[in-house]
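Asks:
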Amino acid sequence: MAPKGVVSKKPQGQAYKDKSKPADVRASNINAAKAVSDAIRTSLGPRGMDKMVSNTIIYIQNLCVTKRESFLRQIQSGNGEVTITNDGATILKQMNVLHPAAKMLVELSRAQDVEAGDGTTSVVVVAGALLDAAERLLHIGIHPTAISDSFQRCSTKAVQILTEMSRPIELSDREILIKSASTSLNSKVVSQQSSTLAPLAVDAVLKVTEAGQEDRVDLKNIKVIRSLGGTIEDTELVDGLVFTQRSAGTNGPKRLEKAKIGLIQFCISPPKTDMDHSVVVSDYAAMDRVLKEERAYILNIVKQIKKAGCNVLLVQKSILRDAVSDLALHFLDKIKVMVIKDVEREDIEFVCKSLSCRPIASLDHFVAESLVNADLVEEVASGSNKFVKITGIQNQGQTVSIVVRGSNKLVLEEADRSIHDALCVVRCLVKNRALIAGGGAPEIEMALQLAAHSNTLDGVDAYCFRAFAEAMEVIPSTLAENAGLNPIATVTELRNRHAQGEKNAGINVRKGAITDILAENVVQPLLVSTSAITLATETIRSILKIDDIVNTVT
Ligand SMILES: Nc1ncnc2c1ncn2[C@@H]1O[C@H](COP(=O)(O)OP(=O)(O)OP(=O)(O)O)[C@@H](O)[C@H]1O
Ligand SMILES: [Mg+2]
Numbered sequence: 001m002a003p004k005g006v007v008s009k010k011p012q013g014q015a016y017k018d019k020s021k022p023a024d025v026r027a028s029n030i031n032a033a034k035a036v037s038d039a040i041r042t043s044l045g046p047r048g049m050d051k052m053v054s055n056t057i058i059y060i061q062n063l064c065v066t067k068r069e070s071f072l073r074q075i076q077s078g079n080g081e082v083t084i085t086n087d088g089a090t091i092l093k094q095m096n097v098l099h100p101a102a103k104m105l106v107e108l109s110r111a112q113d114v115e116a117g118d119g120t121t122s123v124v125v126v127a128g129a130l131l132d133a134a135e136r137l138l139h140i141g142i143h144p145t146a147i148s149d150s151f152q153r154c155s156t157k158a159v160q161i162l163t164e165m166s167r168p169i170e171l172s173d174r175e176i177l178i179k180s181a182s183t184s185l186n187s188k189v190v191s192q193q194s195s196t197l198a199p200l201a202v203d204a205v206l207k208v209t210e211a212g213q214e215d216r217v218d219l220k221n222i223k224v225i226r227s228l229g230g231t232i233e234d235t236e237l238v239d240g241l242v243f244t245q246r247s248a249g250t251n252g253p254k255r256l257e258k259a260k261i262g263l264i265q266f267c268i269s270p271p272k273t274d275m276d277h278s279v280v281v282s283d284y285a286a287m288d289r290v291l292k293e294e295r296a297y298i299l300n301i302v303k304q305i306k307k308a309g310c311n312v313l314l315v316q317k318s319i320l321r322d323a324v325s326d327l328a329l330h331f332l333d334k335i336k337v338m339v340i341k342d343v344e345r346e347d348i349e350f351v352c353k354s355l356s357c358r359p360i361a362s363l364d365h366f367v368a369e370s371l372v373n374a375d376l377v378e379e380v381a382s383g384s385n386k387f388v389k390i391t392g393i394q395n396q397g398q399t400v401s402i403v404v405r406g407s408n409k410l411v412l413e414e415a416d417r418s419i420h421d422a423l424c425v426v427r428c429l430v431k432n433r434a435l436i437a438g439g440g441a442p443e444i445e446m447a448l449q450l451a452a453h454s455n456t457l458d459g460v461d462a463y464c465f466r467a468f469a470e471a472m473e474v475i476p477s478t479l480a481e482n483a484g485l486n487p488i489a490t491v492t493e494l495r496n497r498h499a500q501g502e503k504n505a506g507i508n509v510r511k512g513a514i515t516d517i518l519a520e521n522v523v524q525p526l527l528v529s530t531s532a533i534t535l536a537t538e539t540i541r542s543i544l545k546i547d548d549i550v551n552t553v554t
């Protein structure tokens, strides 16, 4: 029994509040996630629009950077740094998103970036449309769990439709690989240079693909180096190794044929003690002795290097002391050894793989057998920078380097990101050798077939399949909208053409009409589209299943 004076009755309206809470939480999650999707929608496709996003204020401003109609997004992050990009994952990563459900869409975009590398905008746009569909289904009284389960079946069916639509390709067909890499570059700032960059991306991925291990293409074996100066057309693929730093010596050789390369992890400088201490030398004789010792110590190392026949020395960066002292450099210059110092620790693995060697950890192991032969090592100038190139490596590992050139930092960074997308597209094709048309064709085909399938179903599934099918139309409708076409008229015509059996009819943004998009060479890997559908559905299902937000006290 309740003690006297304590009101045992529940406050009025408590029961009503309890019931509405899950719905409120769900609605708030859906709205927040949809806002993220809306923010990014305008950047989809080759004619995406722009925004300038800052940490606290969002300015909406159209900014035409290149002469053609392509628009870019300019993002100003909290620390005042500006990024120009069209890449969905990059835009979202830099946006200051606070709502937990909205963050799920940011994660979704990142997941697509890891899985496929391209389609990071599409995946978020599709997720937004699916959330819209789910909201409508919730309004008509369908239980969230039922929607979630049904959407899973829709996604499986959608992937099946896409797979049926796809065309198998051969890796030997270089042309088709280049076409798909170009499609991914179409929507980027560097689209005009796609004829330079696409073949480069294809060659790079094919170079690092080991026969029989196609499903394990590792893009870490392709090193992309940014070098300020020149134009994007000067971007080159180096079948060898490139170091961003110049050679360390002043009078040392700058070009060496028949090089013998040694990669060392020990320092060529006077050793230091572990503890912080100082030695006071008060007379000249003692000072002389110290200098002599140092000289003898370094000379001993340099002699051993000479004895082994090394003429190019790669030195790992040291955090404790100078990896190569000035005195050592002086001696190495004299014996005509090119020194490349400060090779980063994280780069050592790549260098070893390229040169097919192991790093030399101590002087005792510095022998002729540990050295690597290469035809040419030279220092080349690029704009105001200089870098070192090693080519003709004997027993070269399956690695390759791309030197990206650009006239300014913003373009250079975006070129790097775009090349990454193109590399990912080719990797997708190597992993899963199937292509589909682009330009909204697969999405309309999915919408039509899913809608037709929904007529054969009954109950909740029929509603959910229909809603899912409608949501798929968001891609062609957005592509049309961004290209300045009438989205409703375009989508209707697309539907008609597909209903008449033209499976590859898509939006030709250049001509502003609907044509056979395969003839326009707009093709994309099947994996990009299937992973976008599965990942988006997975995220929507988890958003729908959340019915409460619990704050923890830290
Ligand atoms: N020339 C073209 N004509 C018509 N549609 C195109 C053309 N080039 C690309 N597309 C379409 O544009 C969409 C891709 O746009 P975009 O590259 O901006 O976004 P994303 O690939 O989803 O994301 P991101 O490239 O930022 O990771 C795809 O649906 C593709 O079919
Ligand atoms: Mg893309």
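So in UniProt numbering, the last spot in the sequence shown is 554, and the numbers never skip.
Backbone N, C-alpha and C define an ideal beta-carbon position, used for all residues, glycine too.
Can you check DSSP and say which residues form a bridge with P525?
Replies: By 1-based counting over the sequence shown, the position of residue 525 is 525. Answer is L435, bridged to P525.
Asks: Output the boundary residues of the alpha helix (DSSP H) element that contains L105.
Replies: Walking along the sequence shown from the start, residue 105 turns up at place 105. Its alpha helix (DSSP H) spans residues P100 to E115.
Asks: Between which two residues does the alpha helix (DSSP H) carrying V290 extend?
Replies: Taking the sequence shown and counting its residues from 1, the one referred to as residue 290 is at position 290. Y284 to A308 is the span of the alpha helix (DSSP H), which, as asked, contains V290.
Asks: Hey, is T83 close to ligand 1, as in C-beta under 8 Å from one of its heavy atoms?
Replies: What you label residue 83 is simply residue 83 of the sequence shown in a count that begins at 1. Incorrect: T83 has no Cβ contact closer than 8 Å to ligand 1.
Asks: Can you tell me which residues fall inside 7 Å of ligand 2, judged by beta-carbon distance to its nearest heavy atom, and keep chain order?
Replies: Cβ atoms closer than 7 Å to ligand 2 belong to D118, G119, T121, S184, S187 and D421.
Asks: May I ask you to check if the CB of N508 is nearer than 8 Å to at least one heavy atom of ligand 1?
Replies: By 1-based counting over the sequence shown, the position of residue 508 is 508. Checking every heavy atom of ligand 1 against the Cβ of N508, one is found closer than 8 Å.
Asks: I believe K188 touches N521 by the beta-carbon criterion, under 8 Å. Please report the beta-carbon distance rounded to the nearest angstrom.
Replies: For the purposes of this step, residue 188 is taken as residue 188 along the sequence shown, with counting starting at 1. For the purposes of this step, residue 521 is taken as residue 521 along the sequence shown, with counting starting at 1. About 16 Å; that fails the 8 Å criterion.
Asks: Quick one: is K260 buried, meaning 16 or more other Cβ sit within 10 Å of its Cβ, or exposed?
Replies: Here residue 260 refers to the residue found at position 260 when the sequence shown is read from its first residue. Result: buried.
Asks: Please state if the CB of R417 and the CB of D234 are separated by a distance shorter than 9 Å.
Replies: The residue labelled residue 234 in the question sits at position 234 within the sequence shown. The residue labelled residue 417 in the question sits at position 417 within the sequence shown. Not a contact, by the Cβ cut-off of 9 Å.
Asks: Helix, strand or coil, according to DSSP, for K223 in the structure here?
Replies: Position 223 of the sequence shown holds residue 223. Three-state DSSP puts K223 in a strand.
Asks: Under the assumption that V324 contacts S269 (Cβ atoms under 8 Å), give the Cβ distance between them as a whole number of angstroms.
Replies: Reading the sequence shown from its first residue, position 324 is the one you call residue 324. Reading the sequence shown from its first residue, position 269 is the one you call residue 269. Right, their Cβ atoms sit about 6 Å apart.
Asks: Are there 16 or more other CB atoms within 10 angstroms of the CB of I436, so buried, or fewer, so exposed?
Replies: Translated into the one-based positions of the sequence shown, residue 436 becomes position 436. By the neighbour-count rule (16 or more Cβ atoms within 10 Å), I436 is buried.
Asks: Do I360 and F266 come within 9 Å of each other at the CB atom, strictly closer than that value?
Replies: In the sequence shown, counting from the first residue as 1, residue 266 sits at position 266. In the sequence shown, counting from the first residue as 1, residue 360 sits at position 360. Their beta carbons are under 9 Å apart, which means F266 touches I360 by this criterion.
Asks: If you draw a straight line from the alpha carbon of S370 to that of I475, how long is it in whole angstroms?
Replies: Residue numbering aside, residue 370 sits at position 370 when the sequence shown is read from its first letter. Residue numbering aside, residue 475 sits at position 475 when the sequence shown is read from its first letter. Between S370 and I475, the C-alpha separation is close to 56 Å.
Asks: Ligand 1 and L535: does any heavy atom of the ligand fall closer than 8 Å to the residue's C-beta?
Replies: Here residue 535 refers to the residue found at position 535 when the sequence shown is read from its first residue. No; taking the cut-off as 8 Å, the Cβ of L535 has no heavy atom of ligand 1 nearer than that.
Asks: Take R68 and list the residues in its own chain whose beta-carbon comes closer than 6 Å to its own, dropping the five residues that flank it on each side.
Replies: Along the sequence shown, read from residue 1 onward, the residue named residue 68 stands at position 68. Model confidence at R68 stands at a pLDDT of 33, short of 50, so the residue's coordinates are unreliable; what they give is reported in the following sentence. So no residue of the chain qualifies.
Asks: Among P525, E294, V159 and A469, which has the Cα closest to the Cα of L177?
Replies: On the sequence shown, residue 177 is found 177 positions in, with the first residue counted as 1. The shortest C-alpha separation from L177 is found at P525.
Asks: To the nearest angstrom, how far is it from the Cα of V65 to the Cα of T85?
Replies: For the purposes of this step, residue 65 is taken as residue 65 along the sequence shown, with counting starting at 1. For the purposes of this step, residue 85 is taken as residue 85 along the sequence shown, with counting starting at 1. Per-residue confidence for V65 stands at a pLDDT of 34, beneath the threshold of 50, marking its modelled position as unreliable; the derived number appears in the next sentence. Their Cα atoms are separated by approximately 11 Å.
Asks: Using the C-alpha atoms, what's the distance from R466 back to G88?
Replies: Translated into positions along the sequence shown, residue 88 becomes position 88. Translated into positions along the sequence shown, residue 466 becomes position 466. Looking at the two C-alpha atoms, the distance is approximately 28 Å.
Asks: Using the three-state DSSP reduction, which class does residue 555 fall into: helix, strand or coil?
Replies: In this structure the chain extends from 1 to 554, so residue 555 is not present and cannot be described.
Asks: On the DSSP letters alone, give me the boundaries of the alpha helix (DSSP H) that R345 sits inside.
Replies: Here the question's residue 345 lines up with position 345 in the sequence shown. Residues R345 to L355.
Asks: Contact defined as beta carbons within less than 8 Å: I believe I402 pairs with L200. What is the distance between those atoms, to the nearest angstrom?
Replies: Within the sequence shown, numbered from 1, the residue matching residue 402 stands at position 402. Within the sequence shown, numbered from 1, the residue matching residue 200 stands at position 200. Indeed they touch by this definition, with Cβ atoms about 7 Å apart.
Asks: Curious, which full-length beta strand (DSSP E) runs of at least 3 residues does the region 419–464 contain?
Replies: Runs found: 434–437.
Asks: Please state whether DSSP places M165 in a helix, a strand or coil.
Replies: Start at 1 with the first residue of the sequence shown, and residue 165 comes out as number 165. Three-state DSSP puts M165 in a helix.
Asks: If I305 and L313 are in contact, beta carbons under 8 Å, what's the gap, nearest whole angstrom?
Replies: Along the sequence shown, read from residue 1 onward, the residue named residue 305 stands at position 305. Along the sequence shown, read from residue 1 onward, the residue named residue 313 stands at position 313. I305 to L313, Cβ: 7 Å. Contact.
Asks: Would you check whether ligand 1 has a heavy atom nearer than 8 Å to the C-beta of S28?
Replies: Here residue 28 is taken as the residue at index 28 of the sequence shown, counted from 1. No - ligand 1 has no heavy atom lying nearer than 8 Å to the Cβ of S28.
Asks: Where does S20 land, buried or exposed, given buried means 16+ other C-beta within 10 angstroms?
Replies: Locating residue 20 in the sequence shown gives position 20, where the first residue counts as 1. Exposed is the call here.
Asks: Helix, strand or coil: how does DSSP classify I335 here?
Replies: Your numbering for residue 335 matches position 335 in the sequence shown. Looking at I335 - three-state DSSP - the assignment turns out to be coil, as it is neither helix nor strand.
Asks: Could you please give me the residues that DSSP links to Q316 through a beta bridge?
Replies: The residue given as residue 316 occupies position 316 in the sequence shown. Answer by DSSP bridge pairing, in chain order: V343.
Asks: Span of the alpha helix (DSSP H) holding L138?
Replies: The residue you call residue 138 lines up with position 138 of the sequence shown. Here the alpha helix (DSSP H) through L138 covers T120 to H139.
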